[in-house]
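Chains as they are written, first to last, in our numbering: chain A, 71 to 181; chain B, 620 to 734.
Glycine included, each C-beta is placed from N, C-alpha and C at the ideal position.
In this text, all values refer to a predicted model and were calculated from it rather than measured experimentally.
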Amino acid sequence: SQQGEEDPQALSIQEGENATMNCSYKTSINNLQWYRQNSGRGLVHLILIRSNEREKHSGRLRVTLDTSKKSSSLLITASRAADTASYFCAFMDTGRRALTFGSGTRLQVQP
Amino acid sequence: DAGVTQSPTHLIKTRGQHVTLRCSPISGHKSVSWYQQVLGQGPQFIFQYYEKEERGRGNFPDRFSARQFPNYSSELNVNALLLGDSALYLCASSLGGGVGIETQYFGPGTRLLVL
């Protein structure tokens, strides 16, 4: 399967704590992206990291990419209740134009 | 600027019926992709269209078809609906249809329930 795998499947933390989600994939990729989805609605693009980058920051988000291990992680620092959502990694295989999504991590941030 | 828009937001159909879902991309974007998201799973790629031509197709049966219009809006059609077609259908737009680094912007989705 070309699907990405994410872990954990679900994560519950307190406000102010950090949340880390991991994504693994099996193919060669051009880039890897992270999306957030609230309550089964549309996906919001969070961050894109290219295959030749190792780390990227955007506000409270930090993404790492290890192409040798075919894995990526998303760290959300100082989490807020509003961060409660499902988070998906998505990657674009070399030679393809479509995104392949991981299975998602459901994050619950308790106020 | 308006984001990606989709219509309708919700739809209920019965098995065997046909459905048409619509998507308008962000102004200036020429590529539209369709994804199916079954409850509890990540989205799965169905089609990509660029400049009115199909550029990619996922592993979906021929009951699924799509087209893109000169104004870059798109329709997804599903014939002979099955219970398993119940899902959230997401449309995404991007600037071009090239391979490689492209951010896709998603609409709010159409939730289809097949009874």
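For glycine 129 of chain A, go through chain B and note every residue whose CB falls closer than 9 Å to its CB, in chain order. Near glycine 129 of chain A there are no residues of chain B at all, since even the closest Cβ is about 17 Å away, more than 9 Å.
With three or more beta-carbon pairs closer than 8 Å as the criterion, would you say the stretch 673-693 of chain B touches the stretch 134-148 of chain A? no
By a C-beta neighbour count over all protein chains shown, 10 Å radius and 16 as the cutoff for buried, is arginine 639 of chain B buried or exposed? Note on identity: in this sequence residue 639 of chain B is threonine, with arginine being the wrong assignment. The residue is exposed, with fewer than 16 neighbouring Cβ atoms inside 10 Å.
Going by beta carbon distance, what residues of the same chain come within less than 7 Å of alanine 155 of chain A, once the five residues before and after it are set aside? Arg106, Gln107, Asn108, Leu177
Taking just the CA atoms, how far does glutamine 84 of chain A sit from glycine 112 of chain A? Cα-Cα distance, rounded: 25 Å.
Per-residue DSSP class, three states only, for glutamine 79 of chain A: coil
What are the start and end residues of the beta strand (DSSP E) that includes serine 713 of chain B? 706-713
Going by the beta-carbon positions, is the gap between leucine 102 of chain A and serine 128 of chain A smaller than 8 Å? Not closer than 8 Å, so no.
Interface residues of chain B around phenylalanine 161 of chain A at Cβ under 9 Å? Here the premise fails: no neighbours, minimum Cβ distance about 11 Å.
Distance, serine 138 of chain A Cα to glutamine 625 of chain B Cα: 39 Å
Within 8 Å (strictly less), CB to CB, does tryptophan 104 of chain A reach chain B? no
Is any beta-carbon of chain B found at less than 8 Å from that of alanine 80 of chain A? no
Let me see if you follow: with CB-CB separation under 8 Å, is proline 644 of chain B close to chain A or not? no
Identify which residue in B/Val651, B/Gly622, B/Pro644, B/Val657 has its Cα closest to the Cα of leucine 732 of chain B. Nearest to leucine 732 of chain B by C-alpha distance, out of B/Val651, B/Gly622, B/Pro644, B/Val657, is B/Val657.
Buried/exposed call for proline 680 of chain B, threshold 16 Cβ in 10 Å: exposed
Run through the DSSP bridge pairs and tell me what glutamine 655 of chain B is partnered with. Looking at the DSSP assignment, glutamine 655 of chain B forms a beta bridge with B/Gln663, B/Tyr708.
Given leucine 81 of chain A as reference, the closest of A/Phe171, A/Asp153, A/Arg132, A/Leu169 once Cα atoms are compared: A/Asp153
Within 10 angstroms of its Cβ, does aspartate 136 of chain A collect 16 or more other Cβ (buried), or is it exposed? exposed
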